[in-house]
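Numbering of the sequence shown is given in the working numbering, commencing with residue 41 and proceeding in unit increments. Structure, as structure tokens:
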Amino acid sequence: MLYYLFNFLDKQFDFPGAGVFQFISFRASMAIILSLIITTVYGSRLIKYLRYKQVGETVRNLGLDGQIQKQGTPTMGGLIIIAGVLIPTLLFAKLENIYIILMIVTTIWMGAIGFLDDYIKVFKKNKEGLAGRFKIVGQVGLSIIVGCTMYFHPGILVRQTVTGALPAGSSTTQTETVYNQEGKKLIKVEKSTGVHYANDVKSTITNIPFYKNNEFDYAKVLKFMGDGYEKYAFPVFLLFVIVIITAVSNGANITDGIDGLATGTSAIIGITLALLAYVSGNMIIADYLNILYIPNSGELVIFAAAFVGACVGFLWYNTFPAQVFMGDTGSLTIGGIIAVLAIMIRKELLIPILCGVFLIENLSVIMQVSWFKYTKKKYGEGRRIFLMSPLHHHFQKKGYHEAKIVTRFWIIGILLAIITIVTLKLR
């Protein structure tokens, strides 16, 4: 909203300094600052309100050190994160941008599912919360919205080369719209070394890491079907979207088991996605890195900045010993945001690396449950791979302090984020 106000003031009255709102870097900086202020200053007021309403966590005794002391700690703190994400986005982003609209829908949608789950746990005194099948339905519902919008919306395009190639490292001097003999619109980019033509097209193409020709089209999964396989690209793309959003949101939910673990890890992931969104939305940098240029996706940097600010600000109260838990209101929202943001900047195939902490937490639960069921069926007695799952509880059982586990997982998250960035050039 402030973007439109200052844009109006700049055009109509030449208001001093108003033009700075045209720069994504400035608006992203303001978004992260405001997000930090909202989560730290107003976060304490929400915590007091939650205590007043006796919105406390019910802790099951799993035999972990310091666990019983957490009984009654306010939960549903994810509302702080949601406010820290949405308010700066509404103020500083271009609200007609389809990417921003999808991210706002994602935040509200996943926040509503998580809130309903926490509400049932706290106020209905049902420790199981919202049934797992309803969570899955909600995640699949969001996936269908995102997938259909990505596939059919005319504003979601990628730029592909038509003729010629841009030399790496060269600088753009001029761009203009031209038309070929068939009347098809092309984008003419004049370079110091020649002329390049491209066009913005609908595509299910994405970037794939560690591969020289780093573009992968989901439609090619069905290449074995012979000619005409491209027309079945949508079901394949939608299936990938459903798997990614469901897996990442559940991974974030599982990771949120000890103070600060999910929040800090998500902040690291958010910083990386902000950087990836910036390079994907900048034509010169995208060309230099030989990755897909996605027109108008640069606005996602503002959203990602607000997301990082919200996570870091929430850590003010969520680090050990936590004064508030995010609950499913926060963890499901965080996971949904990360998944959808990665999909929209066509970097979702980097998720197994970037979200490696979520992945190993997910796998530890799957392995534990699967092995227990298999051994119980075969030997009549269930056996375990880990002392307890998810993985962070295994280390707690081994005697590691919460703060040490969280710090080491953050370090792993930073390492994975660096590897993710390196994949832009390592092929």
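Here a beta-carbon is modelled for each residue, glycine too, at the ideal position from N, C-alpha and C. On a predicted model such as this, the values are computed, not experimentally measured, just so you know.
| Check | Outcome |
| --- | --- |
| Look up Thr246 in the DSSP assignment and say whether it is helix, strand or coil. | strand |
| In terms of residue numbering, what span does the beta strand (DSSP E) encompassing Phe426 cover? | Per DSSP, Phe426 belongs to no beta strand (DSSP E) and is neither H nor E. |
| Excluding the 5 residues preceding and the 5 following Leu464 in the sequence, name in chain order all residues of the same chain whose CB lies nearer than 6 angstroms to its CB. | Leu329 |
| Report the option in Gly367, Leu45, Met116, Thr447 whose CA atom is closest to the CA atom of Asn290. | Gly367 |
| Pull up the distance between the alpha-carbon of Ile374 and that of Ile148, whole angstroms please. | 11 angstroms |
| Applying the criterion that 16 or more other CB atoms from any shown protein chain within 10 Å of the CB defines a buried residue, is Ser65 buried or exposed? | exposed |
| Helix, strand or coil for Asn239, going by three-state DSSP, please let me know. | strand |
| Less than 9 angstroms separating the beta-carbons of Gly117 and Gly370? | yes |
| Is the segment 441-453 touching the segment 410-428 in the sense that three or more CB pairs, one from each, lie closer than 8 angstroms? | no |
| When the Cα atoms are used, what is the spatial distance from Ala382 to Tyr419? | 43 angstroms |
| Using C-beta distances below 7 angstroms, list every residue in its chain close to Leu182, excluding the 5 sequence neighbours before and after it, in chain order. | Thr146, Trp149, Met150, Ile285, Gly376 |
| Could you please give the first and the last residue of the uninterrupted beta strand (DSSP E) stretch that includes Asp257? | 255-257 |
| For a quick check, are the C-beta atoms of Lys387 and Ser306 less than 9 angstroms apart? | no |
| Check for me: the alpha helix (DSSP H) holding Phe174 runs from which residue to which? | 172-192 |
| Report yes if the C-beta distance between Ile498 and Gly422 is below 9 angstroms; otherwise report no. | This structure does not reach residue 498, given that the chain is present from 41 up to 467, and the question cannot be answered. |
| My understanding is that Leu131 touches Met41, with C-beta atoms under 8 angstroms, so please give their C-beta distance in whole angstroms. | 5 angstroms |
| Do Ala302 and Ala344 have their C-beta atoms within less than 9 angstroms of each other? | no |
| Less than 8 angstroms between the CB atoms is what I'm expecting for Ala317 and Val288, so what's the real figure, rounded? | Between Val288 and Ala317 the Cβ distance is about 16 angstroms, and since that is not below 8 angstroms, they are no contact. |
| In angstroms with no decimal places, state the Cα-to-Cα distance between Ile510 and Ile138. | Look at the range of the chain in this structure, 41 to 467, and you will see that residue 510 is not part of it. |
| Measure how close the beta-carbons of Val241 and Val198 come, nearest whole angstrom, since I'm counting them as under 8 angstroms. | 6 angstroms |
| Under the assumption that Met428 contacts Lys437 (Cβ atoms under 8 angstroms), give the Cβ distance between them as a whole number of angstroms. | 5 angstroms |
| On the CB-based measure, 16 or more other CB atoms within 10 Å of its CB, does Ile298 come out buried or exposed? | buried |
| Determine the DSSP secondary structure at Ala457, reduced to helix, strand or coil. | helix |
| With respect to the alpha helix (DSSP H) encompassing Ile331, which residues constitute its N-terminal and C-terminal limits? | Per DSSP, Ile331 belongs to no alpha helix (DSSP H) and is neither H nor E. |
| By a C-beta neighbour count over all protein chains shown, 10 Å radius and 16 as the cutoff for buried, is Ala346 buried or exposed? | buried |
| For Ile331, does the count of other Cβ atoms within 10 angstroms reach 16, so buried, or fall short, so exposed? | buried |
| Could you name the residues that DSSP lists as bridge partners for Val198? | Val241 |
| Could you work out which residue in Phe435, Ala292, Tyr333, Met190 is closest to Leu104 when comparing CA atoms only? | Phe435 |
| Considering only C-alpha positions, which residue in the set Thr79, Cys351, Gly453, Val276 is nearest to Tyr191? | Val276 |
| Verify whether the separation of the beta carbon atoms of Gly453 and Val397 is less than 9 angstroms. | yes |
| If distances are taken between C-alpha atoms only, which option among Val180, Leu86, Gly300, Leu279 comes closest to Val446? | Gly300 |
| Skipping 5 residues on each side, what residues in its chain have a beta carbon closer than 7 angstroms to that of Val405? | Ile294, Ser429, Pro430 |
| Applying the criterion that 16 or more other CB atoms from any shown protein chain within 10 Å of the CB defines a buried residue, is Lys164 buried or exposed? | exposed |
| Does the Cβ-Cβ distance between Ile336 and Gly195 come in under 9 angstroms? | It is worth fixing the name first, because residue 336 is Asn in this sequence and not Ile. Cβ atoms of Asn336 and Gly195: closer than 9 angstroms. |
| Whole-angstrom Cβ separation of Ala123 and Ile78, contact assumed at under 8 angstroms? | 6 angstroms |
| Roughly how many whole angstroms lie between the Cα atoms of Thr213 and Ile324? | With a pLDDT of 42 at Thr213, under the threshold of 50, the modelled position of that residue is not reliable, and the figure given next carries that caveat. Approximately 10 angstroms between the Cα atoms of the pair. |
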